[in-house]
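To start, the structure under review is shown below, and the notes come after it.
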Amino acid sequence: MSSSFPVLSAAIWVPILFGVLVLVVGSDRNAPMVRWLSLMGAVVSFLVTIPLFCYFERGSAAMQFVEKANWIERFGAQYALGVDGLSVWFVMLTAFITIFVVIAAWEVIEDRVAQYMASFLILSGLMVGVFSALDGLLFYVFFEATLIPMYVIIGVWGGPNRVYAAFKFFLYTLLGSLLTLIALIYLYLQSGTFSILAWHELPLTMREQVLIFFAFLMAFAVKVPMWPVHTWLPDAHVEAPTGGSVVLAAIMLKLGAYGFLRFSMPIAPDASHYLAGFMITLSLIAVIYIGFVAIVQADMKKLVAYSSIAHMGFVTLGFFIFNQLGVQGAVVQMISHGFVSAAMFLCIGVLYDRLHSRQIKDYGGVVNTMPRFAALSLLFVMANCGLPATSGFVGEFFVILGAVQFNFWVGLLAATTLILSAAYSLWMYKRVVFGAVANEQVAKLKDIGRREFWMLMALAVCTLVMGIYPKPVTDMTDASVDALLKHVATTKIK
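The sequence shown begins at 102 in this note's numbering and counts up one residue at a time.
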């Protein structure tokens with residue numbers, strides 16, 4: 102549908118404008134005002150996305166809430182925005198998670214508060230731009246621009262090795278995107294337009310499709326991240342502040358996965374089928390090998406970071422088995438992972454704010470001093486394992502069913518994630534939370550206050566509601582997934 106109110110433009114520019122405003126008027130001398138202004142910006146940014154849910158036409162695979170304006174007329178580039186069932190949830194999820202990032206930093210960030218809050222607000226708008234861009238050049242600008250605020254967040258407010266982690270993050274993602282830019286220019290020269298939807302209909306030879314697929318793969322695989330280009334993520338997570346880890350896991354990893362849905366598969370469908378075995382192999386390695394790597398981690402953040410890599414491997418597996426259950430499950434898993442991974446990193450942040458340690462060995466018996474925290478964190482750990490009635494179960498169940506439908510042995514290997522995720526998640530929880538109080542520092546811990554309680558409770562409600570009643574999600578994604586699969590099944594070889 103088209104809307105008289107520019108919903109998507111508002112979703113992009115409201116947080117960016119609030120971020121600029123916070124930078125202009127904010128300083129550490131008026132930190133309380135900066136925090137409230139940032140929270141207002143995050144809440145307003147989420148509220149303007151509500152019409153996307155209320156007025157979205159279920160059952161339609163067409164782009165909705167479309168906005169178009171000339172941008173660079175000489176090259177035919179347009180400021181073109183729109184969402185379908187594959188992207189609408191990620192626009193809302195981005196704005197929603199930004200609220201929690203602001204709340205999580207309320208009492209923790211004391212230096213350069215305005216710059217910290219502004220970085221996340223601007224980043225939120227840029228990520229919404231990635232999910233809603235219908236012009237290839239516009240997409241690339243938003244996609245690359247997201248690197249800047251995240252680089253600043255890690256490099257300024259990160260841990261002792263923050264400069265190394267920030268540089269590694271920036272270098273990996275920037276180098277991966279250079280080939281993508283070449284692919285975008287080639288598609289423009291072949292079609293005479295930067296319209297992504299026009300590129301979907303562009304006939305290409307098999308050789309062209311394979312080369313374009315690998316060009317896109319370089320950027321999207323790093324962003325997901327897929328094995329073996331995943332090594333930047335654990336470093337970035339460990340050094341990033343809590344808010345940085347939340348946004349990285351909940352939203353930024355989805356940018357790469359979304360790229361496969363919007364670019365790789367529909368523009369190069371024959372190459373996608375031809376290389377499906379390669380992509381499935383990489384995905385299964387991520388699910389199984391990275392699961393074992395997660396088990397041996399001594400740092401809670403690094404363990405959950407590796408867990409994210411394994412879960413995103415499950416997502417790419419769902420894409421490339423090319424059936425309704427697999428792709429639908431992968432999209433649901435992406436949304437669920439946004440809630441669960443955000444909650445897991447927020448829980449680690451709660452402990453770190455009190456004890457200033459992420460080492461599992463420094464904890465033990467936390468349930469004795471923080472019972473409310475222990476109860477809520479148990480729910481998120483169970484969701485991370487794929488417990489039925491949580492959001493983590495729905496996507497994994499769909500993908501496993503789709504994988505079995507595709508090939509029994511692929512389905513069997515994919516199902517090992519249920520065992521491995523339970524192993525590393527529950528073993529970490531047992532060592533941190535259960536048992537006798539391990540030391541004096543744990544004995545002095547105070548349970549979560551109202552701010553932290555309601556922050557985690559909101560994510561707990563989202564996790565349970567989506568796990569018990571996923572129909573609103575699947576209703577909005579079903580038609581677009583079906584249209585994508587039909588499009589990919591149609592050969593486009595010249």
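C-beta atoms are modelled at their ideal positions from N, C-alpha and C, and glycine is treated no differently. Values in this document were obtained by computation on a predicted structure and should not be read as measured data.
Helix, strand or coil at residue i according to DSSP, with G and I counted as helix
i    : result
I297 : helix
I173 : strand
A181 : strand
V330 : coil
D400 : strand
E168 : strand
D548 : coil
L305 : strand
CA nearest to the CA of residue i, picked from the options
i    : options                : result
W528 : V566, I223, L124, L404 : L404
Y217 : F244, G256, L239       : G256
G183 : V192, R175, F176, Y390 : V192
S233 : F197, L187, A267, L349 : L187
L426 : K169, V123, L586       : L586
V397 : L148, K462, G277       : K462
R473 : E553, G226, V121       : E553
H457 : Q429, M401, I422       : M401
R136 : V214, H588, A537, Y464 : V214
F314 : T332, L280, G345, G293 : L280
G277 : F321, F157, N424, Y241 : F321
Y390 : M366, F423, M353, L521 : L521
Alpha carbon of residue i to alpha carbon of residue j, nearest angstrom
i    : j    : result
I501 : L513 : 8 Å
A561 : P489 : 14 Å
S492 : S478 : 15 Å
E340 : A590 : 43 Å
F221 : T518 : 32 Å
V311 : L376 : 8 Å
R532 : G466 : 8 Å
M251 : I113 : 17 Å
L362 : F420 : 8 Å
A444 : N508 : 33 Å
G568 : F440 : 11 Å
V347 : S442 : 7 Å
A399 : T343 : 18 Å
V482 : A170 : 45 Å
M102 : F166 : Model confidence at M102 stands at a pLDDT of 47, short of 50, so the residue's coordinates are unreliable; what they give is reported in the following sentence. Cα-Cα distance, rounded: 5 Å.
T53  : C563 : Outside the shown range of the chain, which is 102 to 595, sits residue 53, and nothing can be said about it.
I59  : D371 : Outside the shown range of the chain, which is 102 to 595, sits residue 59, and nothing can be said about it.
V149 : A111 : 7 Å
E211 : M134 : 13 Å
F415 : T274 : 21 Å
A524 : Y359 : 29 Å
F271 : Y265 : 10 Å
F201 : S128 : 21 Å
Boundaries of the alpha helix (DSSP H) in which residue i is found, first to last residue
i    : result
H588 : 572 to 590
N599 : With the chain represented from 102 up to 595, any question about residue 599 goes unanswered, as that position is not in the structure.
L138 : 132 to 148
A234 : First-last for A234: undefined, no H or E at that position.
L272 : 263 to 292
A431 : 425 to 456
M353 : Segment: none, M353 is in no alpha helix (DSSP H) and carries neither H nor E.
E497 : 492 to 507
S110 : 108 to 126
L153 : 151 to 155
P370 : 370 to 375
S346 : 343 to 348
F364 : Per DSSP, F364 belongs to no alpha helix (DSSP H) and is neither H nor E.
Y252 : 248 to 258
I200 : 189 to 205
For residue j and residue i, believed in contact at Cβ under 8 Å, the rounded distance
i    : j    : result
A205 : L447 : 6 Å
Q179 : D236 : 5 Å
L334 : A406 : 6 Å
I117 : I254 : Between I254 and I117 the Cβ distance is about 16 Å, and since that is not below 8 Å, they are no contact.
A351 : L305 : Going by Cβ atoms, the distance from A351 to L305 rounds to 34 Å, so no, they are not a contact pair.
G496 : V433 : 4 Å
A584 : A162 : 4 Å
V388 : G357 : Contact doesn't hold; Cβ gap of about 16 Å is too wide.
N485 : S384 : Not quite, the Cβ-Cβ distance comes to about 18 Å (not below 8 Å), so this is no contact.
P329 : I410 : Contact doesn't hold; Cβ gap of about 11 Å is too wide.
Any chain C beta carbon closer than 8 Å to residue i
i    : result
D400 : Protein chain content of the structure displayed is limited to a single chain, and chain C is not contained in it.
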